Structures are given as C-alpha cells and as structure tokens.
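Undergrad:
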Amino acid sequence: MGCGNSNPKKVDHNQNQLSSQEKEDEYFSRQTAVYGVENQCKIRKLNIFLYGVFGVGIEIAKNLILSGVNQLVIYDNKICDKNDQNVNFCIRDNHIKNKNSRADASLETLQQLSLYCQIKVHKEEINNEFLSQFNVVVFTDFYDKQKLIEYNNFCRKNNIGFILSANLGLYGFLFVDFGDKHLVQDIDGEQIKQASISSISQDKQAQITVEDDKKLKFQNGDTVQFQEVQGMTELNGKQFQIEIKSAYKFTIKQDTTKFTPYKSNGIVYQVKVPQQITFKSLQEILENPQKDDFMLFDSTQTSQSQDLHIILNGLFEYYQENKKLPQFLNEDNAKQVIGIINKIQGKYKNLNANQINESLIKNIVLYSQANIIPICYIWGALVSQEVIKYIGLYKPIKQIIHCEMLDILCPQQNLQVLNDNYQLSVLGKVFFNKLGNQNIFLVGAGSLGCEYLKNISLLLNNCSLDGQIFITDFDKVNFSNLNTQFLYTNQFLGKSKSEVIANQIKLINKQIKIKNFNKSFNLKNQQIFDDLFWDNLNIVITSVDNTQTRALIDAQCVWFGKPLFDSGIQESKCHTQVIVPKQTQCYQDSHDISEESAPLCVLSNFPHIIQHTVQWSSDQFQVFFVEGIEEISKFVKNGQQHIQNLKNEFQDKSGFLKQKLLNLQTYATVLLQPNYEQCINIAFKLFYQNFYDQIIQLLQGFPIDHKNEDGKPFWSGHKRLPQALELNYEDQLHLDFILSVSNIIAYSFDIKGQLPKDKIAKYLGQNKETLQKLFQVEKKNIDDDQINLNLIAELQKLKIKHSQKVYLLQLENDEQQELQQNFIYTTSNLRARNYKIEEASKQKIKMISNKTVPSTAIMASLGASLNIIQIIKYLKNQIQQKNVYQQKNSFINLAIPLYLFADTLAPIAQKDKEYDEIVLGPVKAIPPGFTNWDKIEINGPMKLSQLIDNFKDQYKVKLSIISVGKLCIYNVYGGQQQQDLLNQDILELYQKLQKQKVPASKAFLEIIVNGETLDDSTDCNMPVIKYRIK
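Numbered by the UniProt record's numbering, the letters in the sequence shown go through residues 1 to 1030 in order.
1. Using DSSP with H/G/I as helix, E/B as strand and the rest coil, what is Glu1006?
2. Below 8 Å on the Cβ atoms is my contact criterion, and I expect Leu862 with Cys574 to pass it. Report the Cβ-Cβ distance as a whole number of Å.
3. Does any residue of chain C bring its CB to less than 8 Å from the CB of Phe529?
4. Express the C-alpha separation of Tyr825 and Phe294 in angstroms, rounding to a whole number.
5. Taking the beta strand (DSSP E) that Gly568 falls in, what are its first and last residues?
6. Closest by CA to Asp619, which one among Thr827, Gln369, Asn135 and Ile869?
7. Do the segment 879 to 896 and the segment 50 to 59 touch if we need at least three Cβ pairs shorter than 8 Å?
8. Between the segment 132 to 147 and the segment 399 to 407, do at least 3 Cβ pairs fall closer than 8 Å?
9. What number of angstroms, rounded off, separates the C-alpha of Pro607 from the C-alpha of Asn690?
10. Identify whether Cys586 lies in helix, strand or coil by the three-state DSSP scheme.
11. Is the beta carbon of Thr895 sitting closer than 8 Å to the one on Lys395?
12. Counting along the chain, where does the beta strand (DSSP E) carrying residue 1072 start and finish?
13. Measure the alpha-carbon distance for Gln276 versus Ile569 and round it to whole angstroms.
14. Is the number of C-beta pairs between the segment 702 to 718 and the segment 847 to 855 that are closer than 8 Å three or more?
15. From this set, Lys434, Ser960 and Lys429, which residue's C-alpha is nearest Asn971's C-alpha?
16. When DSSP labels each residue in this structure, what does Glu730 get in the three-state scheme?
17. Give me whichever residues DSSP pairs with Thr209 in a beta bridge.
18. So the candidates are Thr257, Asp652 and Glu124; which of them puts its Cα closest to the Cα of Lys204?
19. Apart from the five residues on each side of it in sequence, which residues of its chain come closer than 6 Å, Cβ to Cβ, to Leu798?
20. Using a Cβ-Cβ cut-off of 6 Å (strictly less than) and excluding sequence neighbours within five positions of Leu427, which residues of its own chain qualify?
21. With C-beta atoms as the reference, is Asp531 less than 8 Å away from Ser963?
22. Pull the bridge partners of Lys120 from the DSSP assignment, please.
23. Measuring alpha carbon to alpha carbon, tell me which of Ser740, Asp177 and Val544 ends up nearest Lys389.
24. Going by DSSP in three states, Glu59 sits in which element: helix, strand or coil?
25. Taking just the CA atoms, how far does Val623 sit from Gln588?
26. One question on the structure: do Ser457 and Asn509 come within less than 8 Å of each other, judged by their Cβ atoms?
27. In chain order, what residues of the same chain have a beta carbon less than 7 Å from the beta carbon of Ala206, not counting five sequence neighbours either side?
28. Mapping DSSP to helix, strand and coil, what is Cys410?
29. Using the C-alpha atoms, what's the distance from Ile440 back to Gln468?
30. Of all the options Leu981, Ala832 and Lys719, which has the alpha carbon lying nearest to the alpha carbon of His734?
31. Within the same chain, show all residues whose beta-carbon is closer than 8 Å to that of Cys117, passing over the 5 residues directly before and after it, in chain order.
32. What are the start and end residues of each continuous alpha helix (DSSP H) run of 4 or more residues lying completely inside the segment 929 to 1003, in chain order?
33. Checking 8 Å against the spacing of the C-beta atoms, do Ser29 and Ser480 come in under that value?
34. Is it right to say Val271 is buried, meaning 16 or more other beta carbons lie within 10 angstroms of its own, or is it exposed?
35. Can Gln910 be considered in contact with the ligand GTP, in the sense that its beta carbon sits closer than 7 Å to one or more heavy atoms?
36. Would you please state the rounded distance, in angstroms, between the beta carbons of Leu435 and Ile541? I believe it to be under 8 Å.
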C-alpha cells in the first residue's frame, strides 16, 4: 500500500522477513479491499478526538483504532461503576475497586487492539485551541447545548468534522456536520462497473451495444469512459453521460456520423464524479430543523423522527436547567421534561402539528440514563463509519438520525432500580433469567463471532448462568484477522480461534460458560455435532461467510426445529435474518445457495478479469503441485503398481493420462538430481508451458484475423487477444515466478541451497540455450497414446530409492500457505499480462484465491448488534408467548447510506399443482399447505410394510419409493426382490444396504418418500419423515 505512515509497535508475527510496509499492508488487507489503497492511506493520517467512552464511545474507540486512524485521543473523567462495566468491555473489577476513570480503565485494552494507532487520554480542559489539532471531533453523551454549539461553530470555521451522538436508554441519535463545502470523491464505494462493447453506431447520438452475456450495470446519468475501441478510436479516453435504452444498449450525446466506423473491441468504464455536499450547523438543525434534515434509520418511524427531535431538544433544555440528565426511573423528572416539551413544541410547527404522545416522552426520559447493549453498539458503528466518511469516501448522513427501540422494553410491574443495574431494570429480571438459561451455538469465530460474543457476554453479566455457549471454528488467528476481529491480538497468532476467543471472552465475563470446538461445521463433523447436541440447543447464530455452510446450518435448524439468527457482512453492507421454527421462512426458502463460477473455457482460454486468472492459477497449483507431488510420492513407494493404477484409471482418457505421466517424469528428474538448479529448470519449463506455448497454440487455432460465423471478429468483447510471453531475466515478476516454483519443489523434495533472484537470473542467462533445447524436445508431433507408451517405458527404467523423502502440500502450515500464495500471485499476474488485464496486488490476489470477504470491524459490529436486538425480541416473545411479534430482517448499506428493515415472512406453504414440470403432470401436497418446517414424526422400530400401511391408512397414499437420505431402500418397481424386503426392519435394512451401522449418537433417520394417492393415482409431495430409532 505504501502510505508512508507505518510506525508499528512491537510487530512480531512470523511473517517471514516481510518489510514494515508489507506487514502494514497485510494487517489492513481486508479493510483496504473495501476502501481502496488511496482511501486507506487517508484514514491512516486521521487524528480524532473522542469525548466519552461509555457505551457508544467505547465502540467508536474500538472501531476507529482497528480502522487504523493515526491518533485517537479519548476524554472521560467519570469514575467507573458497575453500570459502566455492563457496557464497556474494557472495564474490569479492579478498575471499579481502584476508582479509575472510564478513560484510564479503557486505555490498556484499547492499546492492545492495534499496532498502528496512537491512543492517548486527555484529562484537561476542552477548548477550541485543543480541538484545532484534530481532523474530526466526536462527542458522545454530552448535553451542554451551548458548549456543543460553540465547538461546532469552531469546527465549521476550521474545516474540522463534527459528530454528535448518544444512546439515551432505548433512544439514540446521530448528528453529522462536515462543513459548507464537503467534497465526496466516491459516493457509494462500489467497484467500478464496466462492459465489453460489441457495436457503436454512427449517429447524431451514438448508440452503444454491449456483449449480451450480462445486462448493463450502469444507471441513467452515469458518466463513462471508453478504452481499447478499434475503428472509432475518437472515443477512446473520452467521458460521456449515458442514457439507458435497454438491458444491453445506451446512448451518448456525441455525434459520431463523421467518426471512423467501429471495427471491434472496446471497454466502457464507469467514472466516479465527485459531489459537493453542504451541511448546516448544529444550532440550525436543533433550533430551525426542516423535514429534509432527517434521515430515517427505520422507515416504520417516519413520523416519529420529528417527535424524537423535539424530545431531544427537551432533554437539552432540561440539562441546561439542571446540569444533569433526568434521574433513572424518576417520574417527577419525566413530568418536568414533558412540561418543557409542551412549552417548546410551538417552535417546531413545521415539523409536527399534533401533540407528542406523552407515553413516548415518558419512556425515553425514564430510561435516558441507561446504556443498553446492543443499542449503544449500533450507534457506535454508525458514528465510526461517519468518521471514516470525512476523507471523502461514501455519502455522509445528512444530517441527523433519530431512532427509538422501545419495543424491546419488557413490561415492568414496579418502576424501581434493580441492584443499581440499569440494563436489568430496563429489560427485566424475567428476560435475563431466560437469557441465562439458553444454550447458544455460535458457528464462526471471525469478526462477527467476536462481536456476538462481546454482546452476549456483557448481557450475561446481569444474570445467573445455567445455559452454555458453544462456539466452533477450525481456523487459526492470522495477522490480517487482527484488523477486524478485536478479541485477537498479536500474542495469539497461529493459535486456534475458537480456543482463544473462549478464553478472551472470560476477561469480559468470568462467569460465562463456554465450550469451544476447533472444527469446521460440515457433514464430516456431524458425529461431533450430533442429534443429542442439537436437541439441547435453544438458539443458533451464524457468523460465516459462505452460502454452503449457511445452508447446512439452516437445514439442521429446520430438522431439529431451532431458531436461527443469520447475519453477513461484505464491504459497507450487512444483512440480518431471523428464522423461527414454523413461523418464518428458513434460509433456503429465500436464498439461492448456488455460487457463480466462470466456465472452464473462459478460465482456460478467454479470461478477461483478474478473478479469472486467479482461479486458473489456483487450479494450476492444485493439479501440478498438490496432486502432482502426491503422485510422485506414490510412485516412490511403488512405481510399477502406481503406473498400473494410472493406466487402469485413465484407460479411455489418454490426454489425462499423458498429463499425469508428464508430471511424474518432471518430478522424477528432481529425484535423480536433487539440487536447486534442477528446481529452476522445472520452473523454466513451467513458465514457457503456461505463458508462451499455450498462447501460441491458441493463436494457431484462432488467428488474430479469425472471424465468427456472423463475420464479426473472433477476438472482440470478452475475448481479449492474448500475447505470448518470453522469459525476461530482468523482469521482477518473471523472476518471482521462477523463484516461487523453485521454492515449492525444493520444499517438497527437501532440497537445500536455495538461490536469491540475482543468482537465479545469472543461472538462467548462462544456461538459456540448454534450457530452450530441453523445452523443445517435448514438441514432437505424435499422438497421445504413443507418448504415453514412451513415458511409461522411460519411468519404468528409473531406479528410485523408496526411502527418498517427498513432502506433500497439505497447506496446513504458514510456510506451505506462503509458497502457495507466492505462486498464485505471480502466475495470476503473468496470466493477466498474457491477456492485457490489469494486474493486482498480492493482498488482493490472496483475498480472491482464499475467497476472503472484504469487510471491516465497523460492519461486523453493526451486523451482530442488530441481530442481538432480534434475539432479545425473540426471547421476549417466548416469555410473553407471542409469535414473531415485531421481529425484523434487515439490509444496511452504510456507504449510501441505506437502512432497510422488513417484517419476517411466513414459511412457504406447499400447494397442489395442476402441472409439474418434473413429473409432467399434477402433484398433490399432502398434508395440504405443509412447509419445510413440517415433519412426519414416526417412532421406530417399524417394518417397511408397516410404514407403507401407515401411509395408506393415515394419508391415503400408496408409497412407491422410500429412501433414507440418498440411499434408496425400497422401490415398488424393483420386482420380487423388492417385495421380499417388506418384512425387514427399516433400521436393519438401511444398515445392511449401506454396509455400516448407524452411529450411536444418531437418534433419527431422515426418510424421504414418493407415492401417489389411492383414489386417483396423483403424484404426491409430502414432508420428510423424522424416524426415531432410539
């Protein structure tokens, strides 16, 4: 990245001689993938002042430190108490005992969070001179209106960003002011859109048609720029606003009638146009607000935003009169605020002509002293993102957001402070007793997992703990995790995430009961997460980053009838989904779990984006190194037998057999001459095979002037004309490739004496002619079968010692993973050069190859906290025996910003079909209207005939096919042999057919049936059978 601002503190993370700047780049890699290199450099230069580290403030501090601001100065002189400890994850018992200030107590933990941020505590007077040293100042839980106006006016005059926010119990607000002329360089943060051109007309307003494999992603009014157009070259480098005409066509205001006619190729790119935004002062927003000054956080509170604004002004007036906020649950103070609001409401006639509901005022005022998890963390995340926006990235909030969450308030029989604990008083003893009894399964210990555990552990400070938290994650802590996953610090690198997080969370709540599994959640580990494990769960939370794992967890929750709270983050976006048994849609009801992948022909011959070259490089690594070295390992153990096995496996696939044998031949040369020079020789051959020979062969098949059947040039649109690469010993990327391949082979065959790049270049220069001849030997024009016979004969003559060491590439340690990444990085960019695709940094390629989701700590905080709100509502509904009352799913994009909340949807009911495309006829749903949640529950033991009779009697259905999972155990069309199975016990028959016993931990079989109605032989669609076997 090279921001020139690297000053790490005690960086020691075993990164194999990486430079200080490379370490910093790796640390911020996930965040840089979101914000971009230039913007990350701007963030690294920000100096921030933060007033207050209570609930909202401590979350802002954590997020900004992880974001990598240059300096964060915090101010909070209040002495710690138990309520502080319930929301500030940095405060411990000793801080309360020693009467530390909140700022001092927070400092030690905050300093551990980042290697790249200077954190200081300020204890003296706050004045304009002090504020002048910062880029952005943030005030939280500060209610001296006159002082705030003074600070805001000073910041406006000095181009300092000013942000004000607070969590007042179940209500909060956020105000942003970046001055009169704030320039936004990138309004949405989205990747630059592009399209490949297939034609351009010669018209008064030129019409551009793009390739028809994907629809246009542009919008009306977008500015675009043309590049690589052949023929009508007058457009290249020019920018135009566009008007969309169809899914594949748009026009530009450019007369092209006299331009050179379009021939082929061309790419059109979106251009981000800077926008200037003007902000109003805090005084104007508070005292003379307009309706368009409000931005909605929850659209269901449209009218309330204006009421809440007046209530906030009432609280400011109360503070001016009393120099403090209303006391917690003090009815007299609440009446005083109501009186103030009644007096001032007339000033805001343009906002609200009606009287504000007194119960709304009262519920906000009574609980205004409290900070509620996770409400304060939601505001903390929103504020953190607004601070980042100061650099000109994303559209800021304009200008104030109000939101209340009174729907999580549990009914109170008597208004009283319980054990001096505000959260306990607001949410109620009954709620916390319910929470403390829950067995919670958290899948994933990444950024979302850290945030979930932080919220849950702090909430559990308020109750006795009879329940338990289970967490599973197979991953280990790596350096880039430290930027987004705050529970991991430098000392935990290389250790199990689930183990570390289980221990770390006990620092926040030492009473918490937590069990960790160092396992991935997949079908292989179902014996660990068995039926008994699932039966004992109450709540399941996903914090994973791929749809396949989500779908598997969802299927288990549907099978065992467990509520699932799903969330996901990507770039500046997050989503949450509430899944409640028999009340809402499950994940698979509302999501397509398939993942897009490029066709093989595109990856092999026609890549046009860097993702294609990365995928191709990953495949090359798998085939040549992982599989190839495994093959030579088998050959070393028993050469004759292994060759025979290959012949049997590929007897009708001579091309595949040839590749296997060629790989064996290549690696055999290393076994015979185990020196580093031989590793270089192989790297040389691999370079020419991948980047020269393949391209030459492709161009022989499709020459530069080749045309399609319609007469259009073959090499146009997404088909980029490739160029073959000759090895250049002075090109660092070429040498890096040779080095990466040589080191992989040296590692696998335990060869010492690796050479640096300069000596590799010298060796290649001295042996260029010999190596080229070696490469050319393989270019004989004979068929694959004859080549295979020659290769087998050659391999059978080799005398290889069975004792020779070969180390398989299982990618389970840092060294092997680094070897892999070096190869993928160099190969991807060389492949990009072949096709004139823009090359990418090592960090970007690493993220693409690992399918790492670009993310930030801010979005993880927001996503988890939003879902904790839904968990609170779910438990509240359980207590009150309600269904999914007030439960919401959400989609948030902080870049725009966009906040969408939607009621949960009812499960999809199965209906009769007059015509089904699969069975080519009518299908009947039995029982009518069943959903994915419904099961036909049957207790074993039972014979197959009894199951069939049961369906005849109860459902009037004749079963024709019965399967347990994917194994068919009965098919009525199978003749007498199938009829002989009818008297067999279902479990015994299943175990006999699958040739192994069902694990002792399994309590149910999943039985799927097909059949038809007895009366009219209509095909049936029926729920799965949950067959109890113990």
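Even glycine gets a Cβ: it sits at the ideal position worked out from N, Cα and C. Just so it is clear, the structure is predicted and the values come from calculations on it, not from any experiment.
TA: So, to answer that:
1. strand
2. 6 Å
3. This model lacks chain C altogether; it includes just one protein chain.
4. 47 Å
5. Leu564 to Gln570
6. Thr827
7. no
8. no
9. 14 Å
10. Cys586: coil per DSSP, three-state reduction.
11. For the sequence presented, residue 895 should be read as Ala rather than Thr. Going by C-beta atoms, Ala895 is nearer than 8 Å to Lys395.
12. Beyond the ends of the chain as shown, which are 1 and 1030, falls residue 1072; an answer cannot be given.
13. 29 Å
14. no
15. Ser960
16. coil
17. Thr209 pairs with Ser199 and Lys249.
18. Thr257
19. Excluding the 5 residues flanking it on each side, Leu798 has same chain C-beta neighbours closer than 6 Å at Ala668, in chain order.
20. Cys410
21. Contact: no.
22. Val73
23. Asp177
24. helix
25. 34 Å
26. yes
27. Ile200, Thr251, Ile252, Gln254 and Thr256
28. coil
29. 6 Å
30. Ala832
31. Leu64, Ile65, Gly68, Val69, Asn70, Gln71 and Leu72
32. 944 to 955, 976 to 979 and 986 to 994
33. yes
34. exposed
35. For the structure depicted, the ligand GTP is absent and the ligand set is empty, with no information on it obtainable.
36. The Cβ separation is near 13 Å, so there is no contact.
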